[in-house]
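Accompanying notes for the structure given below.
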Amino acid sequence: MSTLEVVDRRRPATGSQLARGLPGLLLLLAVVLVPLGRLLWLSVTDSGLGGSGGWVGLDHYAAVLGSSSWWTTIATTAVVTASLVLVQLLLALALAVALWHLSLLWWPARFLALVPAGVGLVVGAQAGRAAVDGGFLATWFGLGDAGPSTVLAGVVVGELWRTTGLVVVLVHVALSRVPTPLLDAALADGATPWQRWWRVVWPAVTPALAAIVVFRLLDSWRLLDGPLLVREPGSFRTTGSALVADNAFGAFATGPAAAAGVVLVLLALVLALLTLAVAKVVRAR
Amino acid sequence: MTPTIPSVRSRLVAALVAFVLGFGLANLAIFTITGPDRVLVLAVAGVLVLTSAWGVLVADSPRPVSVWAVIGAEAFAIFTLVPMLWAVALATGDGTTPTSLWPQAWSGGGFADLADDGALRSAAGLSVSAALLATGVAALPALGLAALLVRTRWRPRHAVRTFAIAAALLPAVALAVGGGDLVLRLGGPFEDSALLRVALVQLAIAVPLTTWVFTAALASAPWNVVDAARVVGAGAVRVLVRVLLPTVGPALLVGLSLAAVVTAQDLALATSVTGPQATTLPVLLLDRARDPSSTALVAAAGICWAAPVAVLALVVPRTITRLLGGSYR
């Protein structure tokens with residue numbers, strides 16, 4: 001047998017294995033599909049405070065999709081998501097590569113990287129907001145009265161701090177899986193550091209990076225706590241999740257909120273599929 | 286990775302970059318920053334300038350050390366420690382937003398208020414209990430499903446794993462609108478117990494997440510050893526006790542703990558089924574964080590809330606890394 005042959009030791013599922021897996025599968029489907037089904041139903045009925053509960057068809061969808069404030073919010077969400085993920089990925093890549101070279105520092109670095117993830121989302125957002133709204137960053141750079149955009153940027157910085165460590169760990173794991181013999185062979189062949197990076201390391205870590213980007217995109221897309229914390233009444237400088245939450249649990253306009261929720265989920269799916277398609281193209285090249 | 290000797294040019298360029306950064310920070314500290322923060326920023330600038338000098342000294346040496354990597358490690362330390370210091374400054378302040386990064390008051394600030402705040406304690410209790418209940422309910426079924434996905438050639442295994450991951454990453458607010466509405470209509474014990482309502486609605490996070498982490502944990506199990514044990518006549522219990530528990534038991538436990546931590550941090554689902562009389566910690570903290578006078582209390586609660594993750598990261602860092610690494614394979 002060649003050493004490059006991949007052996008799949010999995011066997012066809014036996015009856016007892018299926019029986020052990022079935023409760024989990026049913027539970028998984030139930031806890032996800034039942035709320036989503038209810039969401040769909042609410043989106044086509046006149047539900048919520050003062051509503052009759054009757055069928056309204058696609059009226060809520062028409063109202064959501066025709067609303068300029070909704071699209072302003074989605075644009076804000078897209079900007080927040082894209083900037084957060086891009087900055088985070090570049091930062092995490094640079095920091096993880098540095099720590100990959102200094103393996104002795106990995107143990108304390110990993111601890112420092114993981115701890116911020118335990119700080120609650122609200123607390124990370126509050127720390128970010130406070131830093132730019134009267135806090136040390138405002139004092140250092142003379143920011144003065146922080147407007148809604150500055151405050152939202154502060155919340156995004158708080159989220160960046162909270163989650164970048166986790167991405168550093170994920171990227172470091174991907175880097176440590178690059179086969180050492182390949183790196184040694186490239187070194188023996190006289191490849192420069194850039195050649196080793198682009199021809200050996202990059203192709204090996206691209207699939208992992210694609211997965212990490214999808215995770216982070218979807219996680220940032222649903223950003224809720226921080227935007228809820230800083231949202232001012234009437235302002236649409238917020239995220240889609242915060243707008244849905246405001247409508248559903250603040251104004252009790254369940255029907256329109258449900259329709260907006262369905263659109264938000266569909267947009268998340270489109271985002272994930274687009275990212276995976278782009279990753280496939282990058283990988284193929 | 287195999288250590289390599291960077292070129293002299295690379296080290297000198299890195300030293301130059303460290304010097305420029307240090308010089309810029311020192312200027313920022315001298316001309317715009319006042320108070321104790323000035324000393325702090327000057328210290329960071331000093332470290333960068335020293336790194337630059339060291340980079341010049343080792344530029345031509347055969348030591349396999351990258352000056353770029355050292356600058357990166359310093360940047361990492363600044364990036365993680367500065368916000369932590371800021372959180373401590375917020376937590377130890379007098380309630381209002383401090384204007385400097387270096388903590389001005391060490392009076393206990395929000396930590397002292399935490400002990401006296403009954404609402405916060407009961408909210409934390411509800412969060413922890415509901416998350417433990419939801420992950421506890423999810424654990425066994427998820428383990429069976431994860432074993433099916435990892436161990437067999439069951440045809441829809443890829444689709445099911447993708448579904449679990451997608452469900453864990455769905456906008457929780459969408460699940461909250463639908464799930465919360467259903468849970469609030471349930472009568473019986475759910476009507477009176479906030480714990481049951483929160484745990485039930487949080488299953489929407491706990492089940493996909495637990496399935497995901499268990500799949501990652503079981504993927505690294507020594508299945509060839511399990512097969513060998515079976516061949517030499519070991520029964521299911523003996524395989525479980527002698528092989529599976531010692532090898533994947535810790536990973537499963539850590540995975541379950543992480544799933545519980547993430548579930549406890551949920552805001553959207555809990556908001557949909559709780560009210561002012563009984564609520565979870567994230568919901569209460571959001572409410573308090575809107576009040577500027579509660580800044581210290583919220584920051585102190587956040588620091589305490591991070592304790593379980595800090596303990597896990599200290600005690601089982603490798604298991605966490607393996608689980609995170611296995612999560613996207």
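Protein chains in written order, with my numbering: chain W, 1 to 285; chain L, 286 to 614. Ideal Cβ placement from N, Cα and C applies to all residues, glycine included. Treat the numbers as computed from the prediction; the structure is a model and nothing was measured.
- Item | alpha helix (DSSP H) segment containing Val413 (chain L), residue limits | For the purposes of this step, residue 413 (chain L) is identified with residue 128 of the second sequence, where counting begins at 1. Its alpha helix (DSSP H) spans residues 403-436.
- Query: On the three-state DSSP scale, how would you describe Thr293 (chain W)?
  - Reply: The structure shown does not extend to residue 293 (chain W), since chain W spans only 1 to 285, so no value can be given for it.
- Message: Taking the alpha-carbon of Ala338 (chain L) as reference, which of L:Ala504, L:Val305, L:Ala362 has the nearest alpha-carbon?
- Response: Looking up residue 338 (chain L) in the second sequence gives position 53. That would be L:Val305, whose Cα lies nearest to the Cα of Ala338 (chain L).
- Task: Please determine, among L:Gly395, L:Gly378, L:Ser478, L:Ala544, the residue with the shortest C-alpha to C-alpha distance to Ile450 (chain L).
- Result: Looking up residue 450 (chain L) in the second sequence gives position 165. Here the closest residue by C-alpha is L:Ala544.
- Query: Taking a cut of 8 Å between CB atoms, which residues from the segment 105-125 of chain W lie near chain L?
  - Reply: Those residues of the segment 105-125 of chain W that come within reach of chain L (Cβ to Cβ, closer than 8 Å) are Leu105, Trp107, Ala109, Arg110, Phe111, Leu112, Ala113, Leu114, Val115, Pro116, Ala117, Gly118, Val119, Gly120, Leu121, Val122, Val123, Gly124, Ala125.
- Message: Cβ closer than 7 Å: which chain W residues qualify as neighbours of Trp371 (chain L)?
- Response: Position 86 of the second sequence, counting from 1, holds the residue named residue 371 (chain L). The contacting residues are Ala127, Ala131, Phe136.
- Excluding the 5 residues preceding and the 5 following Ala330 (chain L) in the sequence, name in chain order all residues of the same chain whose CB lies nearer than 6 Å to its CB. As a first step, residue 330 (chain L) is located in the second sequence; it is residue number 45 there, counting from the start. Result list for Ala330 (chain L): Gly307, Leu310, Ala311, in chain order.
- Message: With a threshold of 8 Å between beta carbons, is Ala300 (chain L) in contact with chain W?
- Response: Here residue 300 (chain L) refers to the residue found at position 15 of the second sequence. For Ala300 (chain L), the answer is no, since every Cβ of chain W falls outside 8 Å of its Cβ.
- Around the C-beta of Pro441 (chain L), are 16 or more other C-beta atoms found within 10 angstroms, so that it is buried, or is it exposed? Here the question's residue 441 (chain L) lines up with position 156 in the second sequence. Exposed, by the Cβ-count rule.
- Query: Given that Pro148 (chain W) touches chain L, what residues does it touch there, using C-beta distances under 9 Å?
  - Reply: For this step, residue 148 (chain W) is matched to residue 148 along the first sequence. Correct list: empty, because the minimum Cβ distance to chain L is about 15 Å.
- Query: Nearest-angstrom Cα distance between Glu476 (chain L) and Arg38 (chain W)?
  - Reply: For the purposes of this step, residue 476 (chain L) is identified with residue 191 of the second sequence, where counting begins at 1. For the purposes of this step, residue 38 (chain W) is identified with residue 38 of the first sequence, where counting begins at 1. Cα-Cα distance, rounded: 19 Å.
- Is the shortest distance between the beta-carbon of Leu36 (chain W) and the beta-carbons of chain L less than 8 Å? Taking the first sequence and counting its residues from 1, the one referred to as residue 36 (chain W) is at position 36. Interface flag for Leu36 (chain W) against chain L is set, since a Cβ pair is found closer than 8 Å.
- Query: So who's on the other strand from Ala563 (chain L), going by DSSP bridges?
  - Reply: Along the second sequence, one-based indexing puts residue 563 (chain L) at 278. For Ala563 (chain L), which the question treats as bridged, DSSP gives the partners L:Gly560.
- Task: Output yes if chain L places a C-beta closer than 8 Å to the C-beta of Val213 (chain W); else output no.
- Result: Here residue 213 (chain W) refers to the residue found at position 213 when the first sequence is read from its first residue. False, the Cβ-Cβ gap to chain L never drops below 8 Å.
- Could you give the C-beta distance for Val178 (chain W) and Thr606 (chain L), rounded to a whole number, given that I count them as a contact under 8 Å? Locating residue 178 (chain W) in the first sequence gives position 178, where the first residue counts as 1. Locating residue 606 (chain L) in the second sequence gives position 321, where the first residue counts as 1. With a Cβ gap of about 16 Å, Val178 (chain W) and Thr606 (chain L) do not count as contacting.
- Task: With 7 Å as the limit, tell me which residues of the segment 248-261 of chain W have their beta carbon closer than that to any beta carbon of chain L; keep them in chain order.
- Result: From the segment 248-261 of chain W, only Ala248, Phe249, Thr254, Ala257, Ala258, Gly261 have a Cβ closer than 7 Å to chain L.
- Task: Could you tell me the distance, in whole angstroms, from the CA atom of Leu386 (chain L) to the CA atom of Leu370 (chain L)?
- Result: Here residue 386 (chain L) refers to the residue found at position 101 when the second sequence is read from its first residue. Here residue 370 (chain L) refers to the residue found at position 85 when the second sequence is read from its first residue. Going from the Cα of Leu386 (chain L) to the Cα of Leu370 (chain L) covers about 7 Å.
- Query: Just checking, does the segment 459-468 of chain L make contact with the segment 23-39 of chain W on the three C-beta pairs under 8 Å criterion?
  - Reply: They touch, by the three-pair rule.
- Task: Check each candidate in L:Asp551, L:Ala358, L:Pro561 and name the one with the smallest Cα separation from Ala415 (chain L).
- Result: Counting from one through the second sequence, the residue named residue 415 (chain L) turns up at place 130. The shortest C-alpha separation from Ala415 (chain L) is found at L:Asp551.
- Message: Rounded to whole angstroms, what is the Cα-Cα separation between Thr3 (chain W) and Val200 (chain W)?
- Response: Your numbering for residue 3 (chain W) matches position 3 in the first sequence. Your numbering for residue 200 (chain W) matches position 200 in the first sequence. Residue confidence is low: Thr3 (chain W) scores 45 on pLDDT, short of 50, so the model does not pin down where it sits. Its coordinate-derived value is still stated next. The straight-line gap from Cα to Cα measures roughly 20 Å.
- Query: How many Å lie between Asn509 (chain L) and Gly610 (chain L) at the Cα?
  - Reply: By one-based count along the second sequence, residue 509 (chain L) stands at place 224. By one-based count along the second sequence, residue 610 (chain L) stands at place 325. Note on geometry: alpha-carbon atoms of Asn509 (chain L) and Gly610 (chain L) lie some 21 Å from one another.
- Query: Helix, strand or coil: how does DSSP classify Trp55 (chain W) here?
  - Reply: Numbered from its first residue, the first sequence carries residue 55 (chain W) at position 55. Strand, per DSSP.
- Query: Between W:Asp189, W:Trp71, W:Arg129, which lies nearest to Arg231 (chain W) when the distance is taken from Cα to Cα?
  - Reply: For this step, residue 231 (chain W) is matched to residue 231 along the first sequence. Closest option to Arg231 (chain W), Cα to Cα, is W:Arg129.
- Message: Check this for me: beta carbons of Val422 (chain L) and Leu488 (chain L), under 8 Å apart or not?
- Response: Your numbering for residue 422 (chain L) matches position 137 in the second sequence. Your numbering for residue 488 (chain L) matches position 203 in the second sequence. Result yes, Cβ atoms of Val422 (chain L) and Leu488 (chain L) sit closer than 8 Å.
- Query: Using a Cβ-Cβ distance under 8 Å, would Gln88 (chain W) count as near chain L?
  - Reply: Against the first sequence, residue 88 (chain W) aligns to sequence position 88. Between Gln88 (chain W) and chain L, the shortest Cβ-Cβ separation is not below 8 Å.
- Pick helix, strand or coil for Arg11 (chain W), following the three-state DSSP scheme. One-based indexing of the first sequence puts residue 11 (chain W) at position 11. Of the three classes helix, strand and coil, the one that applies to Arg11 (chain W) here is strand, per DSSP.
- Put Asp551 (chain L) into one of helix, strand or coil per three-state DSSP. Translated into the one-based positions of the second sequence, residue 551 (chain L) becomes position 266. Residue state, collapsed to three classes: coil.
- Would you decide whether Gly472 (chain L) is buried or exposed? Buried here means 16 or more other CB atoms lie within 10 Å of its CB. Taking the second sequence and counting its residues from 1, one reaches residue 472 (chain L) at position 187. Under this definition Gly472 (chain L) is an exposed residue.
- Query: For Leu18 (chain W), which of helix, strand or coil comes out of DSSP?
  - Reply: Position 18 of the first sequence, counted from the first residue, corresponds to residue 18 (chain W). If DSSP states are grouped into helix, strand and coil, Leu18 (chain W) belongs with the helices.
- Query: Measuring CA to CA, which of L:Ala390, L:Arg436, L:Ala376 is closest to Gly124 (chain W)?
  - Reply: If you number the first sequence from 1, residue 124 (chain W) lands on position 124. Of the candidates L:Ala390, L:Arg436, L:Ala376, the one whose C-alpha sits nearest the C-alpha of Gly124 (chain W) is L:Ala376.
- Could you tell me whether any Cβ in chain W is nearer than 8 Å to the Cβ of Thr604 (chain L)? Looking up residue 604 (chain L) in the second sequence gives position 319. For Thr604 (chain L), the answer is no, since every Cβ of chain W falls outside 8 Å of its Cβ.
- Can you tell me the Cβ-Cβ gap for Gly21 (chain W) and Leu430 (chain L), rounded? I've got them flagged as a contact below 8 Å. For the purposes of this step, residue 21 (chain W) is taken as the residue at position 21 of the first sequence. For the purposes of this step, residue 430 (chain L) is taken as the residue at position 145 of the second sequence. Their Cβ separation, rounded to whole angstroms, is 5 Å, which keeps Gly21 (chain W) and Leu430 (chain L) in contact under 8 Å.
- Span separating the alpha-carbon of Ala82 (chain W) from that of Ala75 (chain W): The residue you call residue 82 (chain W) lines up with position 82 of the first sequence. The residue you call residue 75 (chain W) lines up with position 75 of the first sequence. Rounded to whole angstroms, Ala82 (chain W) to Ala75 (chain W) spans 10 Å at the Cα level.
- Task: Using three-state DSSP, classify Val350 (chain L) as helix, strand or coil.
- Result: Taking the first residue of the second sequence as 1, we reach residue 350 (chain L) at position 65. Val350 (chain L) falls in the coil class under three-state DSSP.
- At a Cβ cut of 7 Å, what residues of the segment 567-579 of chain L count as close to chain W, listed as they run along the chain? With the criterion set as a beta carbon lying under 7 Å from some beta carbon of chain W, the members of the segment 567-579 of chain L are Pro567, Leu570, Leu571, Ala574, Arg575, in sequence order.
- Task: Taking only the alpha-carbon atoms, compute the straight-line gap between Leu267 (chain W) and Asp402 (chain L) and give it to the nearest angstrom.
- Result: Within the first sequence, residue 267 (chain W) is the residue found at index 267, counting from 1. Within the second sequence, residue 402 (chain L) is the residue found at index 117, counting from 1. Whole-angstrom Cα-Cα distance: 41 Å.
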